[in-house]
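Note that this note's numbering numbers the sequence shown so that position 56 is 56, with each residue one more than the last. Glycine included, each C-beta is placed from N, C-alpha and C at the ideal position. Take a look at the structure below.
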Amino acid sequence: GDEVPLKKLADLEDEGNSKCIIIGTLFKHQELKPSILKEISEEFQLIPQQKVVRFISESDTLILEDELQRIRLLGNIDVGKTVTGIVCAVIGAEDGTGKFNVEDCCWPGCPVPEIPRQVINDNRYLLLVSGLELCSTSGDCLMSLQLLLSWISGWIGEPGEQQAISNSTIDVDLMPGEFDPTNFTLPQQPIHYCMFPKALCNATFRSVTNPHMLELFGATVVGSSGQPVSDVCAFSTAEDPLEALHNTLTWGHLAPTAPDTISEYHILIY
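Right under this line is the structure:
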């Protein structure tokens, strides 16, 4: 409300421990977070490093940063559920020791759509396919792939369904993944068209970036190949990728941990 002032971190010392609102970017200090200095120490066997997949611990702390300063956060904020790179607003007061006691916090969230979606009378579908493992020599993998192709092409199903699918075209957007032949940093550039000489003849085939955004049936669809979601799971208590994906919507950030723990080509937009 208007009764609680919004302050910069530099103004906290002037007002003592009065309640206020501060806005900034979270930094999550984690002892288990990968570090190039630790990797060098491991290479020269200076300090033995424990191999871990998830980097959360009870000693993790949250720090809020603005343009000039930073302050450690305590109180009513779940350290485990958050990650580095989230913009948030917190309400509370400084405790006199250089720490901020949080009473509540607020995330950016998703913008409320102002334009109503168009009414779609017929059935339309978006198919997400990943992990095809085309280089695998397993017979089960090849059989599953052939069944998928037959189903998409309309060779499987009742005669009416086959007729409906055979009269339609399917647009294919190919997004690169973590181990595909393109640049490693996000955003990954499209896989070069020379890799698909036959598919290039079809106007319905597109090689796209990762992440990728498109307009589909009057809706905006945004997605990635999963690196940001996997990173959120590794540095937070989120057990399920769907939970991590939902958190990115709550935070209003597609890849909050980049470039801290995800390689990213940083672009400044003025």
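- Rounded to whole angstroms, the gap between the alpha carbons of Y125 and M213 is 17 Å.
- The closest CA to that of P211, considering only S57, V222, N183, F217, is found on V222.
- In summary, C20 is buried, with 16 or more beta-carbon neighbours lying within 10 Å of its beta-carbon over all protein chains present.
- Only residues of its own chain outside the window of five on either side were considered, and among them I191 have a CB closer than 7 Å to the CB of D180, listed in chain order.
- Residue state for L126 is assigned as coil, using DSSP reduced to three classes.
- Taking 9 Å as the cut-off, the Cβ atoms of L200 and P228 do not count as close.
- Going by C-alpha positions, V112 is about 24 Å away from V232.
- Distance check between V102 and each of C110, V90, P108, G109 places V90 closest, using alpha-carbon atoms only.
- As computed with DSSP, K99 is found in a beta bridge with R72.
- Rounded to whole angstroms, the gap between the alpha carbons of L142 and F196 is 19 Å.
- Going by C-alpha positions, L145 is about 59 Å away from A10.
- With fewer than 16 other Cβ atoms inside 10 Å of its own Cβ, N123 counts as exposed.
- By the Cβ-count criterion, Q118 is exposed, with fewer than 16 other Cβ atoms from all chains shown falling within 10 Å of its own Cβ.
- With respect to the 9 Å criterion, G92 and D104 are classified as neighbours on the basis of their beta carbons.
- For L249, the enclosing alpha helix (DSSP H) begins and ends at 241-251.
- The beta carbon of S57 sits closer than 8 Å to the beta carbons of Q30, E31, L32 from its chain, once the five residues preceding and following it are set aside; these are given in chain order.
- Contact check for S263 and F184: beta-carbon distance about 6 Å, within the 8 Å limit, so the pair qualifies.
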